[in-house]
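Taken in order, the sequence shown gives residues 244 to 546; the numbers are from our numbering. C-beta: ideal position from N, C-alpha, C; glycine also. Please read all numbers here as calculations on a predicted model, not as lab measurements. The next block holds one structure in the form of structure tokens; read it before the comments.
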Amino acid sequence: MPRTVTIIVRIKEHIRAWFSHVVAVALLVFLFFVTGGGISQHESFKITQVDVIGNSTIDREDIVDVIKEKLQGNYYFVYARDNSSLFPRREIEAGLVEKFPRIQNVVVHKMDAHTIVAQVTERKPFALWCGKDADGRGLDTKRRRGDTGRERFLLADCWFLDETGFIFDRAPTFSEGVYLEIYGPLESASGILKGVEPLRARVQESRFVRVYPFERTLNRDVGKTLRVIMKPEGQYGIIVAVSTKYPMLTGAEIRFKDSDNSAELLKNLLAAIPTQFPPSAAPFRKLYYVDLRFGNKVVFGFE
């Protein structure tokens, strides 16, 4: 019996000693935690200056306001968020991209003990998205009358998109021809976009990557393009604004489908033009469209 009592006493002593060590370690950790928090609050490490470089359209003060908002408060009620070594860099970068869709990329870094710098890359306007349906704006009727090139029409309710098809800002009212116009359905991360503001949506990527190479090819080798129309069932139309090399194509619509190769389309187009428009003969009717959807057979449609 005395032996059993001795063992129990020793166990209790071990438990007391272990508990005392745990309490001591926890107390030390807490003291270090609080001390570190106090040091982080020191004025020597406080961010007092926020610089912004690379912005051209977005107001600097708007960017600074977002950053300062992210610097408010503390981590775990103790560590200062406005400490130049502890500030929430990733959170600031994500917040700026979320707030300003025009920002393509942003990197925030520490300049010195009191200064951080936000280096911004803004998206560049590549084209205007002006709606799902070009015919709904009455553009096709205007082009049929031969107005293109003689009178410019105002484009309202359009949105800027970049070279990836991402819509990042509402565009002011422009005269047609200032930017390439794109008409077609949009998509968001959740699928096809319907009936909501198009900001942060994209022109359907699967279709944009099909039409973009041929539009660039026409723009380089034929003439300035005015409008891209994404039609149902993989059909496309590109309106040529003006062509000095092939003046008969000015105002005409180049029709093709998404299974066509850009190089082959251009080859077939340029091969058919001399046959339809001999150099010695002046065109007697205005060209309305060129249909490239039938392989080597090129169809010319006149008004």
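Counting only residues of its own chain and dropping the five nearest sequence neighbours on each side, alanine 337 has no CB closer than 7 angstroms to any other CB.
The beta carbons of arginine 345 and phenylalanine 409 sit about 10 angstroms from each other, so the pair does not count as a contact at 8 angstroms. No Cβ-Cβ contact shorter than 9 angstroms links isoleucine 359 with valine 349. In this chain, the alpha helix (DSSP H) harbouring lysine 313 covers 303-313. Counting only residues of its own chain and dropping the five nearest sequence neighbours on each side, proline 331 has a CB closer than 7 angstroms to the CB of Lys313, Arg324. Shown here, valine 340 sits in a helix according to DSSP, grouped into three states.
At least 9 angstroms separates the beta-carbon of isoleucine 296 from that of phenylalanine 343.
Nearest to glutamine 284 by C-alpha distance, out of Arg413, Gln315, Trp402, Ile497, is Gln315.
Isoleucine 482 and glutamate 496 do touch by the CB rule: their CB atoms are close to 5 angstroms apart, below 8 angstroms.
Glutamate 476 has no beta-bridge partner at all, per DSSP.
Boundaries of the beta strand (DSSP E) around phenylalanine 411: 410-413. For the region 484-511, the full-length beta strand (DSSP E) segments reaching 3 residues or more read 496-500 along the chain.
Val485 is the residue among Glu430, Val485, Gly538 whose C-alpha sits nearest the C-alpha of glutamate 419.
For leucine 371, the uninterrupted beta strand (DSSP E) run begins and ends at 370-372, by DSSP. Contact check for lysine 311 against serine 327 fails: the beta carbons are separated by 9 angstroms or more.
According to the DSSP secondary-structure assignment, phenylalanine 288 is paired through a beta bridge with no residue. The C-alpha of phenylalanine 451 is placed about 26 angstroms away from the C-alpha of alanine 514. In its chain, beyond the 5 residues on either side, Ile410, Leu429, Glu430, Ser431, Leu436 have a beta carbon closer than 7 angstroms to the beta carbon of alanine 444. In the DSSP assignment, asparagine 348 falls within the beta strand (DSSP E) that extends over 346-355. The beta carbon of valine 542 sits closer than 7 angstroms to those of Asp534, all from its chain and outside the five residues before and after it, given in chain order. In the structure shown, the three-state DSSP call for valine 465 is coil.
Under DSSP, alanine 361 shares a beta bridge with Val295, Val351. Under DSSP, tryptophan 402 shares a beta bridge with Trp372, Arg413. Considering only Gly480, Ile306, Thr468, the residue with the shortest C-alpha distance to proline 490 is Thr468. Tyrosine 455 sits in a helix when the DSSP states are folded into three classes. Shown here, glutamate 546 sits in coil according to DSSP, grouped into three states, outside any helix or strand. Listed as beta-bridge partners of lysine 540 by DSSP are Phe537.
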